[in-house]
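What follows is a set of notes on a single structure, which appears directly below.
There are 2 protein chains.
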Amino acid sequence: MTLRIALDAMGGERGPEEMVAGAIQAVDESDLDVALIGDENILNGILHKYPQAFSRLNIVHASQTVSMDESPFEAIRKKKDSSISKAFDQIKNGAADAVVSAGNSGATMASAIKYLGRLENILRPGIASIFPTLKKPLVMLDVGANVDCRPQHLFQFGVMGAAFSNNLFNIQKPSIGLLSIGEEGGKGNVLVKSAHELFRKSSLNFIGNVEGRDIFQGDVDVIVCDGFVGNVCLKVSEGLAEAIISMLRTEMSKSLMAKTGYLLAKQAFANFGKRVDYAEYGGAPLLGVNGTGIICHGRSNAKAIKNAIRVAAEMIRSGVNSHIMQLLSDSGLVDGKEANNGSDADKKTGEAE
Amino acid sequence: MTLRIALDAMGGERGPEEMVAGAIQAVDESDLDVALIGDENILNGILHKYPQAFSRLNIVHASQTVSMDESPFEAIRKKKDSSISKAFDQIKNGAADAVVSAGNSGATMASAIKYLGRLENILRPGIASIFPTLKKPLVMLDVGANVDCRPQHLFQFGVMGAAFSNNLFNIQKPSIGLLSIGEEGGKGNVLVKSAHELFRKSSLNFIGNVEGRDIFQGDVDVIVCDGFVGNVCLKVSEGLAEAIISMLRTEMSKSLMAKTGYLLAKQAFANFGKRVDYAEYGGAPLLGVNGTGIICHGRSNAKAIKNAIRVAAEMIRSGVNSHIMQLLSDSGLVDGKEANNGSDADKKTGEAE
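If you're matching them up, the sequences are chains A and B in order. Per this note's numbering: the first sequence = residues 1469 to 1821. Per this note's numbering: the second sequence = residues 1469 to 1821.
Next up, the structure:
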């Protein structure tokens, strides 16, 4: 069966040209179809330059777009014909199998929940990020969907991350670490200490707390945290990587010798760039929704979009969602009922739902 | 008046030799005296190699040491004669003016509060970290003392950070940013949203929310966050910086050309290293305690210890503590009474004290 991916062609900071270029790369390199969702005049204008791609790309008109800084909930409520809403609607009415968007990530998340709903027994869908490390890719979640969490949510993030890591990277029983500020179980804030107990009692391959420095070592497959901490980590990492490269470049332009050194080592810098390229996996998969969606970085280039489309297809073909449900029911700890009633550990954070 | 700094000579992963070497550098390069707190047999053995330093270094015997992974509260309760406790006791009995320790940071923080107490109206002392950035040093707090915070605590971290930034880096009306996951005031978790309101109503130079990527740009003087998030940021930054350098080195050793490039650019790498050297400021000042203390990294070398001793003296001479109290009372928002009763914003997090 040919899978069809709905691409929010109006999303992202680089504009529809870049989105279309990504879609064309995707259909060129795979057996997938892509539906371009957005303003048909604009998209037709771009697409006419690529006659060879016509048969496997179709345009679905959406009269509205959501800007990057718009309130997600306002956007969803008021813009029923936005490219994001329309893309998820494509899944709902059976015309597409997954959504890829580099647009407003809050609106993408909210639309996913609105149009697809949650997987059975999943309390809160999360956004996973794939970090490059010294060894193998790491799945970290939540990186922004849920800023105030209960222990049960963190536990389910672990389940979802493990299913994803297993299906996409072929890792058997992925190891799960809980992000904290000390390795011992007693270290951390109230939320993390309670979540630690849930993981410890489960049948998951829980290796205990991990620290910020462990993220890039590549010794753990899945790292769990709340969406506030995860989003901060993601942005600190982006900002620091850019600052380090910028400082090194400055230092290397200060003397002729250093400049020559830089020129000779340029390929090494390029190889390094490839190792840490966010575009390699295209974007951040939404886990826990009853369907498939990938949120791409606002600055995504065509390559990132192509890879996100590929990853979306892999998620569907490998059956991530049924694996999440299976793993949750096998975890020996959490069925939906227990989760919805709230466990003792849940109550400790004192957070109102 | 000659200031005397009490150095926990048994702290740190490199052992007493390194601590003593730092103390000797400090007295050589300044007019300060240093008291070495620790096992007198060990310290006398080391000190005999440096006869010229004898007059401005004295040893204060402490029969116990606290290990790096010991529970801080157990350590404080059971080891009354540890080098950490004894160091703070030196301040209490008037024999020293500040403490520097590279030992167990939890125990150092707890001892500071036990022996020195808090500054008037300060609810929770915090640990500040000084981050290198593309422009100027940034003060970030809390980086680990308080993992579960109320909005009022974050507000006071802002006051303390601003006083420190003003006194140590000579910045007039330091700008304060609140670490969140979006720039608009409405973005963030419950804690951050409430703290945002407190800052907004105050007379501090509050510039609004900042994101993880802003840390290294150097456009803000003080960044405020809870101790869990701050500690994660600190460790993510350390881990990522090491991973990037390690990946670059690997890439640069792969071909003769890249190797040659690395050799030519070696000085640039060294200059870069200096720019991001944690040892430049020696350690993380404790702010909000009624006295002066600096927590150094466990891996501190002699240079870091020397600089921490220098910064401790600068904190005393510039009157950071009285500036904190002045700024708090001037902030137009928080006097101790109001703070202790808990404001409306406080209650929103629902966290029990």
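Just so you know, even glycine gets a beta-carbon here, dropped at the ideal spot from N, CA and C.
- request: Report back the beta-carbon spacing between residue 1723 of chain B and residue 1689 of chain B to the nearest angstrom; my notes put them in contact at under 8 Å.
  value: In the second sequence, residue 1723 of chain B corresponds to position 255, counting from 1. In the second sequence, residue 1689 of chain B corresponds to position 221, counting from 1. That pair is no contact at about 43 Å.
message: Helix, strand or coil, according to DSSP, for residue 1735 of chain A in the structure here?
response: What you label residue 1735 of chain A is simply residue 267 of the first sequence in a count that begins at 1. If DSSP states are grouped into helix, strand and coil, residue 1735 of chain A belongs with the helices.
Discussion item. Checking 9 Å against the spacing of the C-beta atoms, do residue 1530 of chain A and residue 1501 of chain A come in under that value?
Written reply: In the first sequence, the residue the question calls residue 1530 of chain A occupies position 62. In the first sequence, the residue the question calls residue 1501 of chain A occupies position 33. No, Cβ-Cβ distance for residue 1530 of chain A and residue 1501 of chain A is not below 9 Å.
Quiz prompt | Contacting residues, own chain, Cβ-Cβ under 6 Å from residue 1577 of chain B (five flanking each side not counted) | solution = Within the second sequence, numbered from 1, the residue matching residue 1577 of chain B stands at position 109. The answer, listed in chain order, is 1613.
Quiz item: Excluding five sequence neighbours on each side, which residues of the same chain lie with their C-beta closer than 7 Å to the C-beta of residue 1556 of chain A?
Solution: Within the first sequence, numbered from 1, the residue matching residue 1556 of chain A stands at position 88. So the qualifying residues of the chain are 1567, 1579, 1580, 1583 and 1584.
Q. Comparing alpha-carbon positions, which option in B/1596, B/1761 and B/1728 lies nearest residue 1624 of chain B?
A. Reading the second sequence from its first residue, position 156 is the one you call residue 1624 of chain B. If we check each option's Cα against that of residue 1624 of chain B, B/1596 comes out closest.
Self-check item: Chain-order list of residues whose beta-carbon lies under 6 Å from that of residue 1760 of chain B (same chain, five-residue window excluded)
Solution: Counted from its first residue, the second sequence places residue 1760 of chain B at position 292. Closer than 6 Å at the Cβ level, and outside the excluded window around residue 1760 of chain B, lie 1566, 1780, 1783 and 1784.
Cβ of residue 1691 of chain A within 9 Å of Cβ of residue 1683 of chain A?
Within the first sequence, residue 1691 of chain A is the residue found at index 223, counting from 1. Within the first sequence, residue 1683 of chain A is the residue found at index 215, counting from 1. Yes, they are a contact pair.
**Item:** Beta-carbon contacts of residue 1741 of chain A that lie in its chain and below 8 Å, excluding the five residues immediately before and after
**Value:** Counting from one through the first sequence, the residue named residue 1741 of chain A turns up at place 273. So the list is empty, once near-sequence residues are dropped.
| query | What residues from chain B crowd round residue 1709 of chain A, counting only those whose CB sits closer than 8 Å? | reply | In the first sequence, the residue the question calls residue 1709 of chain A occupies position 241. Residues of chain B passing the Cβ test: 1708 and 1712.
Within the continuous beta strand (DSSP E) that includes residue 1599 of chain B, where are the two ends? Stepping through the second sequence from its first residue, residue 1599 of chain B is reached at position 131. First-last of the beta strand (DSSP E) with residue 1599 of chain B: 1594-1599.
Next item on the list: Give the single residue among B/1574, B/1630, B/1649 and B/1499 whose Cα lies nearest to the Cα of residue 1641 of chain B.
Entry: As a first step, residue 1641 of chain B is located in the second sequence; it is residue number 173 there, counting from the start. For the set B/1574, B/1630, B/1649 and B/1499, the Cα lying nearest the Cα of residue 1641 of chain B is the one of B/1630.
**Study point:** As assigned by DSSP and simplified to three states, the class of residue 1534 of chain B
**Key:** Mapped onto the second sequence, residue 1534 of chain B falls at position 66. Residue state for residue 1534 of chain B is assigned as coil, using DSSP reduced to three classes.
- What are the complete beta strand (DSSP E) segments, minimum 3 residues, inside the segment 1699-1780 of chain B? The segment 1699-1780 of chain B contains these whole beta strand (DSSP E) runs: 1752-1755 and 1761-1763.
Notebook entry, point to check: Quick one: is residue 1647 of chain A near chain B, going by C-beta distance under 9 Å?
Noted result: Indexing the first sequence from 1 puts residue 1647 of chain A at position 179. For residue 1647 of chain A, the answer is yes, since a Cβ of chain B falls inside 9 Å of its Cβ.
So what does DSSP say about residue 1569 of chain B, is it helix, strand or coil? Your numbering for residue 1569 of chain B matches position 101 in the second sequence. For residue 1569 of chain B, the three-state secondary structure derived from DSSP is strand.
* Measuring only between beta-carbons, confirm whether residue 1693 of chain A sits less than 9 Å from chain B. => For the purposes of this step, residue 1693 of chain A is taken as residue 225 along the first sequence, with counting starting at 1. Using a CB distance cut-off of 9 Å, residue 1693 of chain A counts as an interface residue toward chain B.
Rounded to whole angstroms, what is the Cα-Cα separation between residue 1686 of chain A and residue 1510 of chain B?
Translated into the one-based positions of the first sequence, residue 1686 of chain A becomes position 218. Translated into the one-based positions of the second sequence, residue 1510 of chain B becomes position 42. Each residue's alpha carbon lies about 40 Å from the other.
### Per-residue DSSP class, three states only, for residue 1471 of chain A
Within the first sequence, numbered from 1, the residue matching residue 1471 of chain A stands at position 3. Here residue 1471 of chain A sits in coil by DSSP.
With H, G and I counted as helix, E and B as strand and the rest as coil, what does DSSP make of residue 1513 of chain A? Along the first sequence, read from residue 1 onward, the residue named residue 1513 of chain A stands at position 45. Residue 1513 of chain A falls in the helix class under three-state DSSP.
In three-state DSSP terms, what is residue 1635 of chain B? Here residue 1635 of chain B refers to the residue found at position 167 of the second sequence. Here residue 1635 of chain B sits in helix by DSSP.
**Prompt:** How is residue 1678 of chain B classed by DSSP in three states: helix, strand or coil?
**Reply:** Against the second sequence, residue 1678 of chain B aligns to sequence position 210. When secondary structure is reduced to three states using DSSP, residue 1678 of chain B falls in the strand class.
Buried or exposed: where does residue 1620 of chain A fall if 16 or more other Cβ atoms within 10 Å of its Cβ makes it buried? Here the question's residue 1620 of chain A lines up with position 152 in the first sequence. By the 10 Å Cβ count, residue 1620 of chain A comes out buried.
For chain A, check one thing: does any of its Cβ atoms lie closer than 9 Å to the Cβ of residue 1812 of chain B? The residue labelled residue 1812 of chain B in the question sits at position 344 within the second sequence. Interpretation of residue 1812 of chain B is limited by its pLDDT of 41, a score under 50 that renders its predicted location unreliable; no figure is taken from the coordinates.
| Spatial neighbours of residue 1768 of chain A in its chain, beta-carbon cut-off 6 Å, leaving aside the 5 residues before and after | What you label residue 1768 of chain A is simply residue 300 of the first sequence in a count that begins at 1. Non-local beta-carbon contacts of residue 1768 of chain A in its own chain, meaning distances under 6 Å to residues more than five positions away in sequence, involve 1480 and 1570 in chain order.
| query | In this structure, what does DSSP give as the bridge partners for residue 1503 of chain A? | reply | Numbered from 1 along the first sequence, position 35 holds the residue referred to as residue 1503 of chain A. DSSP lists A/1474 and A/1526 as partners of residue 1503 of chain A.
For this session: Using the Cα positions of residue 1470 of chain B and residue 1538 of chain A, report the straight-line distance between them to the nearest angstrom.
Result: Residue mapping note: residue 1470 of chain B aligns to position 2 of the second sequence, counting from 1. Residue mapping note: residue 1538 of chain A aligns to position 70 of the first sequence, counting from 1. Those two C-alpha atoms are separated by around 59 Å.
What did DSSP end up calling residue 1803 of chain B once you bin it into helix, strand or coil?
Counting from one through the second sequence, the residue named residue 1803 of chain B turns up at place 335. Interpretation of residue 1803 of chain B is limited by its pLDDT of 46, a score under 50 that renders its predicted location unreliable; no figure is taken from the coordinates.
Self-check item: 9 Å Cβ cutoff, residue 1497 of chain A in contact with chain B
Solution: Numbered from its first residue, the first sequence carries residue 1497 of chain A at position 29. The C-beta of residue 1497 of chain A comes no closer than 9 Å to any C-beta of chain B.
Original post:
Do residue 1503 of chain A and residue 1528 of chain A have their C-beta atoms within less than 9 Å of each other?
Top reply: On the first sequence, residue 1503 of chain A is found 35 positions in, with the first residue counted as 1. On the first sequence, residue 1528 of chain A is found 60 positions in, with the first residue counted as 1. Between residue 1503 of chain A and residue 1528 of chain A, the C-beta gap is smaller than 9 Å, which places the two residues in contact.
Checklist entry - What separation, rounded to the nearest whole angstrom, lies between the Cα atoms of residue 1552 of chain B and residue 1533 of chain B? => result Against the second sequence, residue 1552 of chain B aligns to sequence position 84. Against the second sequence, residue 1533 of chain B aligns to sequence position 65. In a straight line, the C-alpha of residue 1552 of chain B is about 8 Å away from that of residue 1533 of chain B.
Item to complete: Output, in chain order, the set of chain A residues within a Cβ distance shorter than 7 Å of residue 1679 of chain B.
Response: Reading the second sequence from its first residue, position 211 is the one you call residue 1679 of chain B. Under the 7 Å cutoff, chain A gives 1703.
Please say whether residue 1622 of chain A and residue 1606 of chain A have beta carbons closer to each other than 9 Å? As a working mapping, residue 1606 of chain A is identified with position 138 in the first sequence. As a working mapping, residue 1622 of chain A is identified with position 154 in the first sequence. For the pair residue 1606 of chain A and residue 1622 of chain A, the CB atoms are not nearer than the 9 Å cut-off.
Distance, Cα to Cα, residue 1749 of chain A vs residue 1756 of chain A? Reading the first sequence from its first residue, position 281 is the one you call residue 1749 of chain A. Reading the first sequence from its first residue, position 288 is the one you call residue 1756 of chain A. When rounded, the separation of the alpha-carbon atoms in residue 1749 of chain A and residue 1756 of chain A is 19 Å.
- [ ] Classify residue 1485 of chain B as helix, strand or coil using the three-state DSSP reduction.
- [x] Reading the second sequence from its first residue, position 17 is the one you call residue 1485 of chain B. Looking at residue 1485 of chain B - three-state DSSP - the assignment turns out to be helix.
Original post:
Excluding sequence positions up to five away, which residues of its chain have a Cβ less than 8 Å from the Cβ of residue 1673 of chain A?
Top reply: By 1-based counting over the first sequence, the position of residue 1673 of chain A is 205. 1630, 1641, 1642, 1643 and 1644, listed in sequence order.
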